[in-house]
Amino acid sequence: MEDVNYLDSSNATFANEIVSIRHTDSGEEQFLCSGTFTEEKSLQGNIHEYQCEICRKTFSSEDEALIHKEIHKRRKPFHCELCGESFVSNGNLTKHKKIHSGEKQFQCEICRKSFTQNSNLVIHIRSHTGERPYHCDICGKSFSVNASLVVHKRLHTGEKPFHCEICGKLFVSNSLLTKHTVIHTGEKQYHCEVCGKSFINNSHLVVHKRIHTGEKPYHCEICGKSFVENSKLTVHKRSHTGEKPYHCDICGKCFIENSKLKVHKRSHTGEKPYHCGICGKPFSDNSSLVVHKSIHSGEKPFQCETCAKAFITKSLLTKHRRIHTGERPYRCEICGKAFSDNSNLIVHKRIHTGEKPYHCEMCGKEFVYNSHFKLHKQMHREGTSF
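Numbered by UniProt numbering, the letters in the sequence shown go through residues 1 to 386 in order.
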């Protein structure tokens, strides 16, 4: 590669329509890439960085920056001859081909999981060690990979650099845009060879396959429970720590995961976006709709191997099994009492805290239990004396 004459030798940052000027053997100046990059000279030394002005990602070389720009242009000139998937660089295509060849030469010494790249192994090991070296300077949240931090910061800035060319919707990350695009195309190119189910990306397929293999590689060091996804383990750990980082800005109620907060907010707005195709009944969350549909179909696909009792959902079967095993995995850290269901532990803790979350708007009386609150409201309606 020829030498590159940078456009500024001071410790300055500047945006330019030209990423670099190359001098050819004939002495001619060659202007490359009328692109949208910022060139920076590091204060730590004579190291130049290139920053994409669309998503602010930085690169140590102009070649990396040029390849990155193709993501925003949506150009993917390198195609896999086996599955047809396209990539912005030949290096990414080479990595992808290892999925087909099955080559995974980098193995985790803790759980023996294998990876096609050493960088993926390094990131994976952090799921065992808990290491999160990348910290948000705004809220302090930590991440195991820098890419996750970059996306997270956009939640603070409101920046959404990736847009759908069909409907114009904006996204904080390219992966979310890719998932969204499937809504328009309907394309699900990753197929499970066991059951035939299809997925929009390979990572979802990898997680799905664990249903068939029974693999649960993520383990809770507190209670030993295992999970198919690291995100599920992260949420589970909050049942031990009591952490509830997601807060309702209307009533102040807290939740261990964002999806539960979203469903909860619908109790304030009255939104019920999920409708039964048979009777039209609406629901605030999809899981409630799935359970409801079984009323029409009579289907109960989850059966207890001990007593043969069948259930509509897997979670109900899991709770039921504890009747046979006597397992009580949810323990009160104040008095030590154990429960088979986390919801019972939550209610129990109110004995210690004195919390009474159910408030009667008519008389101001407060209740620990929702069942008592409902009975109380009925007395108001019927005019029964208290």
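Yeah, the Cβ is synthetic: ideal placement off N, Cα and C, and Gly gets one too.
**Request:** May I have the straight-line CA-CA distance separating PHE227 from ILE123, to the nearest angstrom?
**Result:** 18 Å
**GLN378, enclosing alpha helix (DSSP H) - first and last residue** = Counted as a single uninterrupted DSSP element, the alpha helix (DSSP H) harbouring GLN378 occupies residues 370-382.
**Message:** If I follow the unbroken alpha helix (DSSP H) through GLY91, where does it start and stop?
**Reply:** 90-101
**Prompt:** Out of curiosity, what's the CA-to-CA distance linking LYS244 and CYS136?
**Reply:** Going from the Cα of LYS244 to the Cα of CYS136 covers about 19 Å.
**Item:** Neighbourhood of ILE222 by C-beta, 6 Å cutoff - its chain only, sequence neighbours within 5 removed
**Value:** HIS240
**Request:** Specify the secondary structure class of SER86 as computed by DSSP and reduced to three states.
**Result:** DSSP places SER86 in strand when its eight states are reduced to three.
**Request:** Mark LEU82 as exposed unless 16 or more other C-beta atoms lie within 10 angstroms of its C-beta, in which case mark it buried.
**Result:** exposed
**Request:** Could you pull the start and end residues of the alpha helix (DSSP H) that ALA147 belongs to?
**Result:** Per DSSP, the unbroken alpha helix (DSSP H) holding ALA147 starts and ends at 146-157.
**Exposed unless 16 or more other CB atoms sit within 10 angstroms - verdict on SER371** = The residue in question, SER371, is exposed, as its Cβ has fewer than 16 Cβ neighbours within 10 Å.
**Request:** Following the continuous alpha helix (DSSP H) through LYS141, name the residue where it begins and the one where it ends.
**Result:** Run containing LYS141: none; DSSP gives neither H nor E here.
**Prompt:** Can you tell me whether DSSP reads ALA310 as helix, strand or coil?
**Reply:** DSSP, read as helix, strand or coil, puts ALA310 in strand.
**Prompt:** Which residues in the same chain have their Cβ closer than 8 Å to the Cβ of LYS309, if we skip the five residues on either side of it in sequence?
**Reply:** GLN303, HIS320
**Message:** Whole angstroms are fine: how far does the CA of HIS191 sit from the CA of LYS197?
**Reply:** 6 Å
**Asked** In angstroms, rounded to a whole number, what distance separates the CA positions of GLY168 and VAL182?
**Response** 14 Å
**Message:** I'd like the list of long-range same chain contacts for ASN202, defined as Cβ closer than 8 Å, with 5 residues on each side in sequence excluded.
**Reply:** ILE99, TYR190
**Asked** Can you list, in chain order, the stretches of the alpha helix (DSSP H) that have 4 or more residues and sit fully within the region 249-301?
**Response** 258-269, 286-297
**Message:** Is the separation between the beta-carbon of VAL263 and that of SER284 shorter than 7 Å?
**Reply:** Yes, they are a contact pair.
**Prompt:** Name the DSSP bridge partner or partners of ALA338?
**Reply:** ARG331
**Item:** Delimiting residues of the alpha helix (DSSP H) encompassing CYS238
**Value:** The identity of residue 238 in the sequence shown is Arg, whereas the question assumes Cys. ARG238 -> alpha helix (DSSP H) spans 230-241.
**Request:** Go through its chain and collect everything with a Cβ distance to ILE250's Cβ below 8 Å, but skip five positions before and after it.
**Result:** LYS265, HIS268
**Item:** Test item: CB-CB of ASN258 and TYR274 under 7 Å
**Value:** no
**Asked** Considering only residues of the same chain and omitting the five flanking positions on each side of HIS212, which have a CB-CB separation below 6 Å?
**Response** VAL194
**Asked** Grouping DSSP H, G and I as helix and E and B as strand, with all else coil, what is SER61?
**Response** coil
**Request:** To the nearest angstrom, report how far apart GLU187 and LEU177 are at their CA atoms.
**Result:** 14 Å
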